[in-house]
Amino acid sequence: MASAIRIKGGRVYDPLHGLNGVVKDLCVEDGKIVQECHGAAEVIDATNLVILPGGVDIHTHIASPAVNAARGLRPEDHRLLCCPRKPGLRSGVGFTVPSTFTTGYLYAQLGYTTVMEAATPPIGTRHTHEELNDIPMVDKGCYLLMGNNEFILQYLKSGDLEKIKRYVAWLLHSLKGFGLKLVNPGGVEQWKYGKDVEGLDEKVNHFDVTPRQILQALTWVNEELGLPHSIHIHANRLGVPGNYQVTLETMRALEGKRVHMAHVQFHSYGGEDYVSFTSKAKEMADYINGHPNVTVDVGQVVFGDATTITADGPWQYRLHKLTKNKWYNLDVEVETGSGIVPYTYREKNYVNALQWAIGLETFLLIKDPWRVFLSTDHPNGGPFLYYPWIIKLLMDAEFRSQMLKRVHKRVLSHTMLPHLSREYSLYEIAIITRAGPARALGLRNKGHLGPGADADIAIYVDAKDKEEMFERAAYVLKDGKIVVRDGEVVESCPGRTIFAEVPGDDDLLTELRDKFEKYYTVEIGNFPIPLEDLPFHQAVPTGRPV
Amino acid sequence: MGEIILTFKGMGGSTVPLEADPITPDLLQLKVRAEIERLPLYHGNEQLLLGDFFSVKGERSNQIRLRGDLSQVKNIGVGMQTGRIVIESSIGMHVGARMTGGEIQVHGNAGDWAGAEMTGGLLWINGSAGNRAGSAYRGSKYGMRGGVILIEGSGGHEVGGYMRRGLIVVRGNLEDHAGARMVAGSIFVFGRVGGRTGGGMKRGSIVCFNPLDVLPTFRLTSTYAPLFVTIYLRALRSRGFSVPEIGGGRFARYCGDLAESGKGEILVWQG
Amino acid sequence: MTVAKEMRVVKDVTCPFCGVTCDDLEVHVEDGKIRDVKNACVLGKDTFLHHLEGLATPRIDGKPASIEACIEAAADILARAKYPLIYGLDSTELHAHRKAIELADLIGANIDHTSSVCHAPSLQAVQTVGIPSCTVGEVKNRADLVIFWGANPAEAHPRHATRYSVTVKGMFTPQGRKDRTVIHIDVRRTPTSRMADTFIQIKPHSDYEVFSTLTALVNGHDLDVSEVGGVPLQEWRDLVEVMKGAKFGILYWGMGLTMTRGKYLNVVALLRLCQELNRFTKFLGAPLRGHGNVVGMAQVLTWQTGFPFAVNMSRGYPRFNPGEFSVADLLGRGEVDAALIIAADAIGNFPAKAAQHLKSIPLIAVDPKESETTKVAQVVIPAAQAAVAAEGVAYRMDHIPLPLKKVVDSPYPSDREILDRIIARVLAKRPDDGAKRAAPLPRG
Amino acid sequence: MAKSFILITGRTTKQGRTIHLGKQAKDYIDEVSALEMNPADMEALQVKEGDRVRLRTDHGSSVVRCKKGTVPPGLLFIAYGQFVNALVGPDTQGTGMPNTKGIEVEVEKDDSG
């Protein structure tokens, strides 16, 4: 039976189609947005309500072996937020690393309908998909970690770019990955013997290649394969004072290529240590403003508890030494590493407060909202539950200056924030949380409300306090079904796993079989994940991006 | 304003523990009897009413008296901030856990996690305490962060584990790992202690009045008569907690745990 | 009609017996019967070859019954119970884990699994201080120092040495055994000592003291004692030099630490040692996990509830507290009023008092084989054995998931199907969707 | 005359193999009821290989067969199984784990059978 819904009289923000608060009816049929409903339709009266496409999170950590390790590591965190079972829904826990069902419900309550897990090691991707299968309410995908893959390093050493391309294609195809992720390219390989790389031209132990070569090779591969999303980069030296130079150098090395720089806030630091720590958000924004090939997500810091989870093993060890907090590390054979350290961002801590300011500077200094996206690098900068608070900071300069008075005093003289009067409009918020990330991901059916789009729609009660407004969506429609009402999940839906449709390449198998035998501990036959293991899925076509 | 007397009616032979978190002065002092009787208690997966398990006398008071065998009743006084609870029998797990103020007296034994992660107030246990009194729940960085736990009987394993601040006094014995990984605060033990006392401690003091096997990662640094011990003992006596007379005895001071930062101390009374 | 004799070889079969989770087995099947198993160790081989021995039969109160009736009886017991326990789940697979947790959520049960009485102290230690660790392939490719402590992999994890840790050749260990120093530390000699270059025998109950000592030495302190754990301090000083001098060291531990005095704190002390060694070199630690798929159950439980074991759902949301909601305590104190045991022999493995309580309450056993538990259970539901007659996913000791194959057919349903049918029947008995009066949220 | 020992338990290859035969199988029972003891201790207790001894704790007792082992004096080893379960108490000291290894036991020669 065709299900149809007419959303009447709401103010529509659909940046892809230039709709900026236009009062307009929206029609939904069979899970898609249509020009006009055929026949009877349920009516949602959206008079005085604000209608946006469902939110799209381009960078979050919600499902992976490391995320689950973080859950297991932090029972004390879960005690802060318990979510009881309701008919048709499952129970769970928050807070910074919520359990799977709860993750889906919490995202949906905010009006998000598409989220991307930003890091999965290939050998653990079977796990990642099983977790994603248990995250309801949202469509989801994952980026495969490649920046320290030893097979790629070997091929690179012998200069065989074509082989890298075929191997990457095989991985994406076999593991149903959506994109390519680089984390501290070369540095995580160094970490396997307890070291890191300092800069782009340092040779990686045993492999005689440099981070620069890895970056360039995989960016080339990404474009050659015509993946929907650009290469997704967590640059070298995350969190380290003075790292902005290596970040700039990374972008320069890839000039002219589509590139997404993840959580730039963590990569925009000046100074030589945490005492002389300064903001380089302006330098970064200047570069980004002049280079339309670059998109970024911010990795905004929010005050309170966070759990840092990253494949960047050496950084996590540094953070453990800095904080003395518990430290989890898992190096993953052939592929990558991972580390987890609980962390608390404090308003009265100079470094934390400046990190907070740097994030906001980044948002406010980058001129083109289509290239800067909202993220906390959940849960590294703080949990995604705080997105509404960040939106308020962006839309309300007065609120920003109040916050600035509360944080560590030294920050005031080290940030441009007091001089940045820019306030984001709802239209711009719709871009940085919906239209922009959907476009950067190459998801043509997401992030807009034109005919043919997936009927993933978030409807809010307009309020002066934007945090209040975005905390609880009045309605959320997922694939044309009402799944959230008055901020509460009313119906569970499974959501789809999205992956890039890369053709398989079985010719490489003989060679890979030998490499597996020598260096892995699993049979190559048990490596690929059959499509049947993803009960709800959708392939996104590849090809030269427009 | 009198006191509220809650007399336990038992659970009809059921062995399923009863969770009675609402029994705190903070809540009861705002309620009349009928409201108290309607407070929810949790018996396994069922939510029942306080009146199903307790007969209630008195209302609107921050003084609560509990009667009957409560050894299967958990969570009394969890998170309490003010007032006083007197328990005239033994009590189940978590009594006074996470309390921030007020006073609980137990005229009997307490189950495990008594006063766990408390930050203030006084928990006075007439009998013995179980494991992990004043300690941390699994995963938490800190156990007790303030307040006082007085135990007239003995205590179980890991008493005062992960302690950050506050005082625990035990007249009887303790099992293994007293003060495990503690960060600060003081533990006094007048009986004997089990093995690995102070293992992993960073700072803080454990004062023992009987000889013990000190871990190899503690180092004897001096023998002296610490003034703070005398002051603490005087304060305890003035509050009515009888402690043995030790005269002006001297204490051997062991520094450790050298496997961690090594700034904690175990003081052992030398007579 | 003539039926051709069916002969087939199933390759890349994953073995469910221990946490080494070898995935290179070849199972030879003839006419639906397993005839031979290649590549497996003796333990794995027997798992497949003897999978038909001692099979359970469906029954209620000792009398034969249909599966359908058994499921109905099980649902009756569980829907009525006030404080039920769901336990076991080591010898099964991911989808059964999922369903068991869903059932626990539905009926407000306690749910725990075999980890609780094997490596749960290790999990608690990790929750306390974290862990520097790696997948087994890292050990294969890099480790030049391998230490086994309180563990006997030669008997419990037979192919660990040849596949991952001792003789295997890897990327930067081209000579295999020759590239590695292997040390075994334990309270007694075992076949594992024979694989080692050095065996250090320590006194029982001294592991904590020894780890603390080693950490203090690593931190540059000298100590006022001449021996620790019955071993001269100089030997420990030498060991510290060996550890610091390694390029890539790994310390594997077993239940010699988790089951003895000190429990999780023994492992805390071990993990602090491994962490501190990273100031000098790469040094990691890992528990030798697993009977069956305990790691998998811990994984699924963690992603669905936030906690790896000892989870209580009685208040409508997950709570975790080992010592309170862990199986040995729930049974030892005689608290639970009904139990569903799946793919594990609780009565055969528990302390006498805990087993005694299980015998005194309504008990449901889901298992392919007869066991001490099925012997006394009120309801017995035989299941197709995961990894032999039912497919799924199992986790290796380092959290790497591997597919389990269905090699032969079974007349009985799989664990996940049984649980799914129980869930459906419980829902039917509880028109309010299973929820008893829901408890409100606790305060922060 | 009873003597105090520390009893440890663990897996053995044979226990792992025979468990597939079922817990009633003779091979399995033989394996999990075999108590390894240092020869010097056996001499002190005046027991020979194959003799029955009674193990006793606060929680229960078991009769098992003695066998010469490589364990150091004062230590006993037995494979996991029902014979050791009878000796283990349910107390976990708030950790969830009973004292399954390193149990203090009294051992005496059993002449009842």
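Protein chains in written order, with the working numbering: chain A, 1 to 546; chain B, 547 to 817; chain C, 818 to 1261; chain D, 1262 to 1374.
For glycine and all other residues, C-beta sits at the position ideal for the given N, C-alpha and C.
Just the chain B side, please: which residues come within less than 8 Å of residue i by C-beta, in chain order?
i: Q1276 of chain D; result: Residues of chain B passing the Cβ test: none, with the nearest at roughly 30 Å.
i: G1355 of chain D; result: D658, W659, G676, N677, R678, G702, H703 and E704
Would you call the CB atoms of residue i and residue j closer than 8 Å?
i: A886 of chain C; j: L902 of chain C; result: no
i: L1175 of chain C; j: I1164 of chain C; result: yes
i: Q1116 of chain C; j: I918 of chain C; result: no
i: V1084 of chain C; j: L1074 of chain C; result: yes
i: I51 of chain A; j: I429 of chain A; result: no
i: L587 of chain B; j: A566 of chain B; result: yes
i: D922 of chain C; j: M1076 of chain C; result: no
i: L1094 of chain C; j: G1066 of chain C; result: yes
i: F787 of chain B; j: L696 of chain B; result: yes
i: K855 of chain C; j: L842 of chain C; result: yes
i: R1242 of chain C; j: A892 of chain C; result: yes
i: A285 of chain A; j: L412 of chain A; result: no
Could you tell me which residues DSSP pairs with residue i in its beta bridges?
i: M824 of chain C; result: C:E847
i: P1218 of chain C; result: C:Y1212
i: D550 of chain A; result: The question about residue 550 of chain A has no answer here: the residues shown for chain A are numbered 1 through 546.
i: N20 of chain A; result: A:Y13
i: V341 of chain A; result: A:T308
What in chain C is Cβ-close to residue i, meaning under 8 Å?
i: F101 of chain A; result: Q1121
Along chain C, in chain order, which residues have C-beta atoms closer than 7 Å to that of residue i?
i: P379 of chain A; result: Result: empty, since nearest Cβ-Cβ is about 13 Å, beyond 7 Å.
i: P563 of chain B; result: E1152
Which chain A residues sit within Cβ distance under 9 Å of residue i?
i: P1125 of chain C; result: R71, G72 and P75
i: S686 of chain B; result: P75, E76 and R79
Could you please give the first and the last residue of the uninterrupted alpha helix (DSSP H) stretch that includes residue i?
i: Q1276 of chain D; result: T1274 to T1279
i: I888 of chain C; result: I884 to R897
i: Y427 of chain A; result: L426 to A430
i: Y475 of chain A; result: Premise fails: Y475 of chain A lies in the beta strand (DSSP E), Y475 to K478, not in any alpha helix (DSSP H).
i: M1298 of chain D; result: No alpha helix (DSSP H) holds M1298 of chain D; the beta strand (DSSP E) holding it covers A1295 to M1298.
i: H234 of chain A; result: It is not in any alpha helix (DSSP H) - H234 of chain A instead sits in the beta strand (DSSP E) that spans I231 to H234.
i: Y386 of chain A; result: Careful: Y386 of chain A lies outside any alpha helix (DSSP H) and carries neither H nor E.
Cβ closer than 8 Å: which chain D residues qualify as neighbours of residue i?
i: K1186 of chain C; result: G1283
i: S933 of chain C; result: G1357 and M1358
For the beta strand (DSSP E) that contains residue i, what are its first and last residues?
i: T1318 of chain D; result: Neither: T1318 of chain D is in no beta strand (DSSP E) and is coded neither H nor E.
i: M261 of chain A; result: V259 to M261
i: T553 of chain B; result: I550 to F554
i: A1182 of chain C; result: L1180 to V1183
i: P901 of chain C; result: P901 to G905
i: A652 of chain B; result: The question names Ala, but residue 652 of chain B in the sequence shown is Val. Here the beta strand (DSSP E) through V652 of chain B covers E649 to V652.
Kindly list, in the order they appear in chain C, the residues whose Cβ is closer than 9 Å to that of residue i.
i: R1317 of chain D; result: The contacting residues do not exist; R1317 of chain D stays about 13 Å from chain C at best.
i: I1269 of chain D; result: V1004, R1005, P1021, G1073, M1076 and T1077
i: I358 of chain A; result: Result: empty, since nearest Cβ-Cβ is about 28 Å, beyond 9 Å.
For residue i, go through chain A and note every residue whose CB falls closer than 7 Å to its CB, in chain order.
i: S950 of chain C; result: N329 and L330
In chain D, which residues lie with their C-beta within 7 Å of the C-beta of residue i?
i: T1015 of chain C; result: Those within 7 Å of T1015 of chain C in chain D number zero; the least Cβ separation is about 17 Å.
At a cut-off of 7 Å, would you count residue i as near the ligand GDP, judging by its Cβ distance to the nearest heavy atom?
i: N621 of chain B; result: In the structure shown, the ligand GDP is absent, as is every other ligand, since no ligand is present at all.
#### Entry: Entirely enclosed beta strand (DSSP E) segments - the region 916–997 of chain C, minimum 3 residues
DSSP runs (the beta strand (DSSP E)) wholly in the region 916–997 of chain C: 927–930, 947–951 and 962–966.
### Message
Report the start-end ranges of each beta strand (DSSP E) in the region 284–336 of chain A that is 3 residues or longer and not cut off at the edges.
### Response
Qualifying beta strand (DSSP E) stretches, in chain order: 294–297, 304–310 and 327–331.
### Query
What are the start and end residues of each continuous beta strand (DSSP E) run of 3 or more residues lying completely inside the region 88–169 of chain A, in chain order?
Entirely contained in the region 88–169 of chain A, the beta strand (DSSP E) runs reaching 3 residues are, in chain order, 112–120 and 139–145.
### Query
Which ranges does the alpha helix (DSSP H) cover as unbroken runs of at least 4 residues, wholly within the region 182–213 of chain A, from first to last along the chain?
Correct list: 187–191.
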